[in-house]
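If you're matching positions, the sequence shown starts at 2 in my numbering and goes up one per residue.
Just so it is clear, CB atoms sit at the ideal spot from N, CA and C, and this is done for glycine as well.
If you're wondering where the values come from, they're calculated on a predicted model, not measured in any experiment.
Report on the structure given below.
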Amino acid sequence: MCIRDVFLIRYIVALIFIIMLICVLLRIIIYVKLYLYTYDKTCIKHPQNMIIYLNTINIKYIKYDCKQFDTLRKYLPDDSSNSTSDINKLGNAKYYCSNGESEEKECKTDFDKIKAGCLWLFEQLFVKNKKNISTVEYIIIWLSYKLNQKKYDGIKDLNDFYTNCIENNRHYTSCNNDSGDCSKQLEDNTGYPNYKKIIDGRKNLLSTNIKNMSKIYDAFKLLCNVYTEINADNTISNKSLENASEFVKKYNELNNVSDIDGDGPYYQVLSTLSNDYINLKQYCDNNSIDCNNIPPLIPTETAESGMQSSEESCYVTLSTLSIVKKLILALLIFSTISIFLGIFFKCSLFVLRKRAQKEYLREKLKNIKKRMNH
């Protein structure tokens, strides 16, 4: 092997190493920027949301969660007097009504229907689908809204509901449905063996006033409409834009309520809601949808911290993350191409060298024959 070939191989190896090092450094830089952009900001107020941002590529968009809530509303509408379908015909819902005033395996009272609806949401979102665990906050929003509609004996707040309907309820303490034990599937999807453990991980939400938490429900529905009104051809409809504007308006109202000082869980849920709105931008980018007309969330003062929210920073962060991913991909492609070009060049040199050797030997043989003939 000649000196030139050795130098070429060393050059290719060094180039590949440098490209890989750049990829690693870029990932470190973006993670640091994520932390600096989101630390102690409204867009991320609890560790779970930091995980969401650091794993943006695995975002479980709220669009798919909303479908389950839409389905439940057909059987248990926001206005209970407008029910058009029997909740007992909604999957396993009737099997969740075995406790309370209702007869076994049948929902009759409004309260038992609410309990069944809550369990049905847990089943759909965490057993039959692998959802982000923070989705439980939206179940709490829905539950608060339903409990706030009318008074139920022994239920004054979410802690009462936990004590009476969750703490010793076999459907919550061990994952069971009509199909049998679902604990393994639940644990594979969420890391929790039962629904009660999921709720216990966010038990601070139960201390929130039902009336305050239920106020977020309308904003949640508006956000769902923003996602679900995206057209089949991946274009933003006028209806979706209207819902986006209404959501931003509603969010700003909720974020500036003066009588909810110090209600951390309230702002925690509101923060999750804003994160999912911000994720709409990422959803659009991943699906080649033009979302330029979607209004951003305007930074506002929160009653909890007195600091401005940082949705704009989160937009920048997500955008930066997307750009870095593309840059890393481009570098990896370039690295792969360099490897193949190096191999091709090496093979070409080998072939040319062999041909040159053959030509040299051929000429040498000709010269020998000529000398012998003379």
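Residues near residue i by beta carbon distance below 7 Å, same chain, minus five either side
i	result
Asp277	Ile63 and Leu224
Lys250	none
Lys240	Glu230
Arg171	Asn177
Ile29	none
Asp161	Gly155
Phe248	Ala220, Leu223, Leu224, Val227 and Tyr278
Ser86	Lys75 and Tyr76
Ile377	Any answer about residue 377 is impossible in this case: the structure gives the chain only from 2 up to 375.
Opening and closing residue of the alpha helix (DSSP H) in which residue i lies
i	result
Ala220	Ile217 to Thr229
Val249	Asn239 to Asn256
Arg171	Arg171 to Thr174
Tyr193	Taken as a continuous stretch (DSSP letters only), Tyr193 belongs to no alpha helix (DSSP H), as it is neither H nor E.
Arg203	Premise fails: Arg203 is in no alpha helix (DSSP H) and is neither H nor E.
Ile88	Note, Ile88: premise wrong, no alpha helix (DSSP H); not H, not E.
Ile290	From DSSP, Ile290 is part of no alpha helix (DSSP H); its letter is neither H nor E.
Val137	Val137 to Gln150
Lys157	Careful: Lys157 lies outside any alpha helix (DSSP H) and carries neither H nor E.
Lys64	Ile63 to Tyr76
Asp113	Asp111 to Phe123
C-alpha distance - residue i paired with residue j, whole-angstrom precision
i	j	result
Leu77	Asn149	15 Å
Lys147	Phe221	14 Å
Ile199	Leu16	48 Å
Lys151	Ala245	30 Å
Asn294	Asn287	17 Å
Ala304	Leu22	With a pLDDT of 38 at Ala304, under the threshold of 50, the modelled position of that residue is not reliable, and the figure given next carries that caveat. Approximately 44 Å between the Cα atoms of the pair.
Asp71	Leu26	44 Å
Leu144	Ile338	55 Å
Leu362	Lys370	12 Å
Asp158	Glu188	29 Å
Gln69	Asn133	14 Å
Lys185	Tyr193	9 Å
Leu255	Lys204	22 Å
Asn257	Lys216	13 Å
Glu364	Gln358	10 Å
Thr209	Asn195	23 Å
Gly202	Gly265	15 Å
Residue i and residue j closer than 7 Å at C-beta
i	j	result
Phe123	Tyr153	no
Thr229	Lys197	no
Asn213	Tyr267	yes
Ile115	Tyr218	no
Tyr163	Leu207	yes
Gly155	Asn165	yes
Tyr96	Lys106	yes
Cys108	Ile88	yes
Asn235	Ile290	yes
Asn93	Lys131	no
Val422	Cys183	What the structure shows of the chain is the stretch from 2 to 375, and residue 422 is not part of that stretch, so it cannot be assessed.
Ser275	Leu242	no
Sequence-distant residues of its chain with Cβ nearer than 8 Å to residue i (five each side left out)
i	result
Ile140	Cys119, Leu122, Phe123 and Leu126
Leu366	none
Lys90	Tyr76
Close Cβ partners of residue i (< 6 Å) along its chain, the five nearest in sequence each way excluded
i	result
Glu138	Val270 and Thr273
Met373	none
Leu73	Gly118
Asp80	none
The ligand MN heavy atom lying under 6 Å from the CB of residue i
i	result
Asp111	Ligands in the displayed structure: none, and consequently the ligand MN is not present.
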